Each structure stands twice: as C-alpha cells, then as structure tokens.
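Peer 1: Provided herewith is a single structure, encoded as structure tokens, for subsequent inquiry.
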DNA sequence: GCCCTTATGAATGTCAGACAATTAAAGGTC
DNA sequence: GACCTTTAATTGTCTGACATTCATAAGGGC
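Protein chains in written order, with the working numbering: chain A, 2 to 247; chain B, 2 to 247.
Here is the structure:
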C-alpha cells in the first residue's frame with residue numbers, strides 16, 4: 002500500500018509518511034492514546050524500511066503528536082497535547098521567529114502590549130486574590146535593589162504571565178505565552194543597559210492597583226504607559242548603539 | 002565525546018542530540034544558514050551511529066529548525082524560521098490543543114474574540130483600501146445564497162484574517178493565526194447547523210463599515226456583538242445535542 | 001579561449017539485518 | 001496467594017551497503 006501522491010514526490014519518504022499519520026491524527030481518524038501499528042507493521046504497510054518509518058515517527062514525536070514506549074505492548078501512541086507542551090512549543094517558535102527575522106523592536110513591543118491589553122478587561126473582572134498576590138509578590142521582588150538583572154527580568158516575565166493568567170482563560174494564556182516569553186531577550190537588552198527599575202516598578206504597581214480595584218480602564222492606561230516607556234527605552238538603546246558604531 | 006548528562010539518561014540518544022543542537026541554535030551559537038557538520042562527522046562527535054544522528058536531525062527538521070540539501074556541498078543548514086512556517090506550526094498546535102483537551106466552546110470563543118478585538122484599534126488606524134477591499138469581497142461572497150457551507154466557513158476565516166492583517170503588525174498576525182484558524186472546526190459545527198448567514202453578514206458589514214470610517218469603537222462593538230451572537234448559536238447547538246441524547 | 005559534456009566525489013536518502021534493552025504478561029515455584 | 005523466572009513483543013542502536021543527488025572539476029570539440 003504505497004502512498005503514491007501522484008504529483009509531488011519532492012519530499013522524503015519519511016516526511017510523506019509523517020504527513021500521512023499527522024493528517025490522520027489532526028482529522029481525528031486516530032484518537033488520543035490510540036496505539037499506532039508497530040514499526041515493523043508500518044514499514045510493511047508503507048512498503049519502506051524500518052529506518053524510514055522510525056525517522057517519520059521521530060518527526061511526529063518532535064511535535065509532541067506521539068509518544069513511544071518500549072517493551073512488550075509498547076509502541077507509539079497518539080499523545081494528548083498538553084497545555085505545557087503547547088506552551089513550550091509556542092515559546093520556542095516565537096523566540097526563533099523574532100531572533101531570525103529582523104523584527105523591529107517597535108513591532109514586537111506593539112504586538113506584545115496589544116495582546117496584553119486584550120487581557121486587561123477580563124483580568125480586571127476575574128482576577129482572584131491569589132493572582133493579585135502573585136503580582137504583588139513579584140513587584141516586591143523587583144523593588145529589591147540588590148536583585149540581579151537576570152532575576153529582575155525573570156520576575157518581570159512572571160508578573161506579566163500572572164496578568165495574563167488572571168484573565169482566567171487557559172486558551173488565551175496559551176496564545177500569549179509566546180508573546181510574553183519571547184520578548185525576554187529583547188527586554189534583557191534594555192534592562193541591562195538603561196537603569197530604570199523605579200519607573201518600571203511604579204508602572205507595575207499602578208497596574209496591580211488597577212486590577213485590585215477591578216478597574217479595567219486604569220489597567221489599560223497602565224499598560225499603555227508601560228508600552229510607551231518600554232518603547233522610549235528601546236529607542237534610546239538603539240540610538241546609543243548607532244552612535245557607538247559611528 | 003559522549004554527551005553524558007549526569008542526571009537523566011531517560012531520553013533517547015537521538016532526543017539528547019537534537020536537544021543539544023536545538024539549544025545551540027536557540028542560544029545563537031549557530032547562526033542562520035550555517036552548515037551543520039555532516040551526519041558522519043556528527044556521529045563521530047557524539048559517539049553514536051549515523052542512524053541515531055539522522056533521527057535527531059529529523060526531529061529538528063520537523064520543527065523547521067534545520068533544512069537539508071542533498072548532493073555535494075549539501076548537508077543540514079540552520080533554517081531561517083519563516084512567518085509561513087511559524088503560522089502553520091501555530092495552527093496545527095492550536096487545533097490539536099483545542100480538539101484534544103475538551104476546551105469549552107465559551108472559552109475558545111472568548112479567547113478568539115478577545116484577541117481579535119485587540120487588533121481593532123490598530124486595524125482602524127492603519128487599514129489600507131486594499132485590506133478593506135479584501136474584507137468587502139469576502140462579505141460579498143458570503144452573501145451569495147448558493148455558497149456551500151464549506152466555502153462560507155473558509156470565507157469567514159479569510160475575513161477574520163484580513164481584519165488581523167489590517168493591523169499591519171506581522172508579529173500580531175502570527176500570534177493570532179492559531180486563534181482564528183483553529184476555531185474553524187468549531188465554527189463549522191455551528192454554521193452547518195444553524196441557518197444564520199444573514200445575521201453574520203450584517204455584523205461583518207458593520208465591522209467593515211467601522212474600519213472604513215476608521216472608527217475603532219464601532220469596530221469593537223461589532224466584534225462584541227459577533228461574539229455574543231456566536232456564543233448564542235453555540236449554546237443552542239449544545240442544547241439541541243443534549244436534548245437529542247436524552 | 002570558450003562552451004558543452006562528462007567524470008568525480010561528497011553528501012543525504014534508503015535498505016537489510018543484527019543485537020541490546022525494556023517491559024508486560026504468562027508460567028512456575030514455594 | 002505471593003514471589004520469582006521465563007518469554008515474547010517492541011523500541012533503541014549499530015553496522016555496512018547501495019541509490020540518488022548535485023556542485024565542481026576535468027576533458028573534449030570548435
């Protein structure tokens with residue numbers, strides 16, 4: 002039973018086989034936790050060697066579409082894509098997209114804050130005392146003068162994640178994971194250069210206060226000001242660099 | 002030179018090797034278009050067989066991190082992650098996440114429209130005549146009574162993509178690709194059941210008109226009403242199903 | 001000297017067969 | 001019944017071979 006796609010034998014056999022199985026999974030013809038045929042059976046079905054089948058399965062495993070188990074009654078199983086897996090894939094992809102495509106700081110910054118502001122109304126309405134406490138804890142950490150730059154950045158990311166999560170919509174959290182996390186490298190560039198923690202902390206405080214009062218408008222304003230401030234810092238850094246190069 | 006990670010030899014060798022190379026790429030130790038050592042060289046460096054190296058490389062290829070070229074002076078090269086590749090990965094992941102995790106219609110719908118509303122202010126400010134024309138063309142198509150359900154859904158997706166793209170921020174477009182496209186299966190469920198094209202077309206028209214006037218508030222309102230309407234339809238479908246099961 | 005054709009070699013793609021490692025289940029022992 | 005042993009199925013890894021592709025170099029005709 003060859004998969005003779007009439008038109009395009011451009012792809013490797015392993016890519017074609019992976020594609021066939023992927024389609025079966027995405028279209029729901031194979032359900033979660035269903036076992037795939039063994040490598041030997043697949044190689045017979047597709048009329049290829051076991052190595053080729055294995056390469057195809059590794060491709061699928063890399064996308065968390067399947068998991069494998071050794072031993073008797075082991076094999077490859079359709080994997081339930083967890084939020085955790087989806088998050089990390091999202092973050093890797095976003096990070097690479099930004100670092101490899103000469104995306105301007107303005108564009109990335111705008112995308113990030115636009116998405117975060119989208120969460121503000123929901124977060125203001127639904128924020129729990131717990132999520133608010135998380136945010137305030139991060140702000141307290143950021144206020145410590147002896148905090149390393151790395152730790153400050155990590156805390157910054159944690160705070161923004163807490164804001165997103167406060168919206169109480171896991172799908173939204175997943176979609177924004179990339180936007181928030183992938184900005185960290187760019188944020189580092191700024192925080193390490195311009196000393197500006199007080200201003201950032203004060204804007205973070207304004208944001209937390211707004212959520213505390215369940216005031217969506219104020220939260221929106223705080224995020225707008227944070228974006229404007231970040232943008233200013235970014236431009237300063239760029240200007241300094243351009244100057245140095247000269 | 003074995004990669005003896007002291008603690009966790011739980012992973013396959015091919016997964017470990019893929020991880021090592023992935024880290025090198027993500028951390029920027031390997032730059033775009035740089036050539037990896039040949040499979041033979043890698044197998045010597047890592048002290049494994051060529052098959053194992055190949056499986057590792059296929060994993061990376063599945064994530065679009067590398068591309069391979071046959072022939073003399075061929076090999077594996079660090080791939081520039083294009084927006085197109087990132088889009089399709091995003092869509093696959095989002096679709097699977099939704100279909101495999103029993104996400105409620107309400108949650109998915111809320112996430113989608115929250116994200117789209119985030120684009121509204123930018124789209125209202127920056128929309129070109131071109132992007133507006135695209136939207137109106139899709140609306141015209143949706144008004145044809147003899148349009149198949151499949152084509153109507155596809156047109157719906159195209160219109161929403163046009164809205165997102167009108168914001169003129171490619172990073173934002175990428176982030177929203179999953180939200181818009183992954184909803185199609187769920188939207189199908191509704192459109193195929195409830196006959197409601199007139200209402201949808203009228204809301205789409207209101208949206209396009211608002212963008213035409215560069216009126217962000219009106220666009221926001223239109224999206225809110227579209228969300229509310231979609232939600233009503235979804236609930237009806239659910240209720241009907243529950244009734245049938247009984 | 002210039003262009004076309006033909007080797008050449010390096011690399012990936014594919015195959016076949018073997019063995020190691022793992023694991024659940026069946027069977028045996030007490 | 002509890003514990004140990006065997007067994008069989010399956011993935012993981014290795015080895016060696018051959019097929020295929022393709023840029024470059026070499027050669028030949030003019």
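We treat Cβ as the ideally placed atom computed from N, Cα and C, and that holds for glycine. Just so it is clear, the structure is predicted and the values come from calculations on it, not from any experiment.
#1: Taking residue 111(A) and residue 165(A) to be in contact with their CB atoms under 8 Å, please state how far apart those CB atoms are, rounded to whole angstroms.
#2: How about residue 212(B) and residue 125(B): do their beta carbons lie closer than 9 Å?
#3: When the Cα of residue 230(B) is compared with those of 217(B), 244(B), 199(B), which residue comes out closest?
#4: By DSSP's criteria, residue 77(B) is part of a beta bridge. Which residues make up the other side?
#5: Please list the partners that residue 63(A) has in chain B, where partner means a Cβ-to-Cβ separation under 8 Å.
#6: Identify the continuous alpha helix (DSSP H) that holds residue 17(A) and give its terminal residues.
#7: Distance cutoff 9 Å, beta carbons only. Does residue 154(B) sit that close to anything in chain A?
#8: Taking 8 Å as the cut-off, does the segment 127-142 of chain A touch the segment 98-106 of chain A (at least 3 CB pairs, one atom from each stretch)?
#9: Could you tell me the distance, in whole angstroms, from the CA atom of residue 78(A) to the CA atom of residue 60(B)?
#10: For residue 44(B) and chain A, any beta-carbon pair shorter than 9 Å?
#11: For residue 90(A), count neighbouring C-beta atoms within 10 Å of its own C-beta (all shown protein chains included) and say buried if the count is 16 or more, exposed if not.
#12: Mind the definition here: the segment 234-244 of chain B touches the segment 131-149 of chain B only if three or more C-beta pairs lie below 8 Å; say whether that holds.
#13: Among the candidates 76(B), 42(B), 54(B), 65(B), whose CA atom is the shortest distance from the CA of residue 36(B)?
#14: Tell me the rounded alpha-carbon separation between residue 14(A) and residue 48(A).
#15: Nearest chain A C-beta to residue 151(B) closer than 9 Å, yes or no?
#16: Within the same chain, show all residues whose beta-carbon is closer than 6 Å to that of residue 136(B), passing over the 5 residues directly before and after it, in chain order.
#17: Would you mind listing the alpha helix (DSSP H) stretches within the segment 78-118 of chain A that are 4+ residues and don't spill past its ends, in chain order?
#18: If the criterion is Cβ atoms closer than 9 Å, does the pair residue 93(B) and residue 23(A) meet it?
#19: Tell me which residues share the same chain as residue 114(A) and place their Cβ nearer than 8 Å to its Cβ, disregarding the 5 neighbours each side in the sequence.
#20: In whole angstroms, give me the CA-to-CA distance for residue 176(B) and residue 185(B).
#21: DSSP state of residue 30(A), grouped into three classes?
#22: Alpha carbon to alpha carbon, how far is residue 39(A) from residue 72(A)? Give it in angstroms, no decimals.
#23: So with CB distances below 8 Å, who are the chain A contacts of residue 82(B)?
#24: Residues of chain A with CB under 9 Å from residue 171(B), in chain order?
#25: Return the chain-ordered list of same chain residues with a C-beta closer than 7 Å to the C-beta of residue 207(A), the five sequence neighbours on each side being excluded.
#26: Tell me, please, whether the CB atom of residue 77(B) is closer than 9 Å to any CB atom in chain A?
#27: Tell me, please, which residues DSSP counts as bridged to residue 36(A).
#28: Does residue 240(B) come within less than 9 Å of chain A when only Cβ atoms are used?
#29: Fully enclosed by the segment 142-212 of chain B, which alpha helix (DSSP H) runs are 4 residues long or longer?
#30: Under 9 Å between the Cβ atoms of residue 123(B) and residue 167(B)?
#31: Restricting to Cα atoms, I'd like to know which of 107(A), 34(A), 233(A) is closest to residue 169(B).
#32: Residue 180(A) and residue 172(B) - do their beta-carbons sit closer together than 9 Å?
#33: Could you tell me whether the Cβ of residue 180(A) comes closer than 9 Å to any Cβ of chain B?
#34: Which of helix, strand or coil does DSSP assign to residue 248(A)?
#35: On the CB-based measure, 16 or more other CB atoms within 10 Å of its CB, does residue 28(A) come out buried or exposed?
Peer 2: Inspection of the coordinates gives the following:
#1: Actually they do not touch by this definition, with Cβ atoms about 17 Å apart.
#2: yes
#3: 199(B)
#4: 69(B)
#5: 19, 59, 60, 61, 63, 64
#6: 14-27
#7: no
#8: no
#9: 17 Å
#10: no
#11: buried
#12: no
#13: 76(B)
#14: 10 Å
#15: no
#16: 160, 163, 209
#17: 84-101
#18: yes
#19: 224, 225, 227, 228, 231
#20: 16 Å
#21: coil
#22: 11 Å
#23: 94, 97, 98, 101, 102
#24: 102, 104, 108, 112
#25: 223
#26: no
#27: 78(A)
#28: no
#29: 150-167, 171-183, 185-192
#30: yes
#31: 107(A)
#32: yes
#33: yes
#34: The first residue shown for chain A is 2 and the last is 247, placing residue 248(A) beyond what the model contains.
#35: exposed
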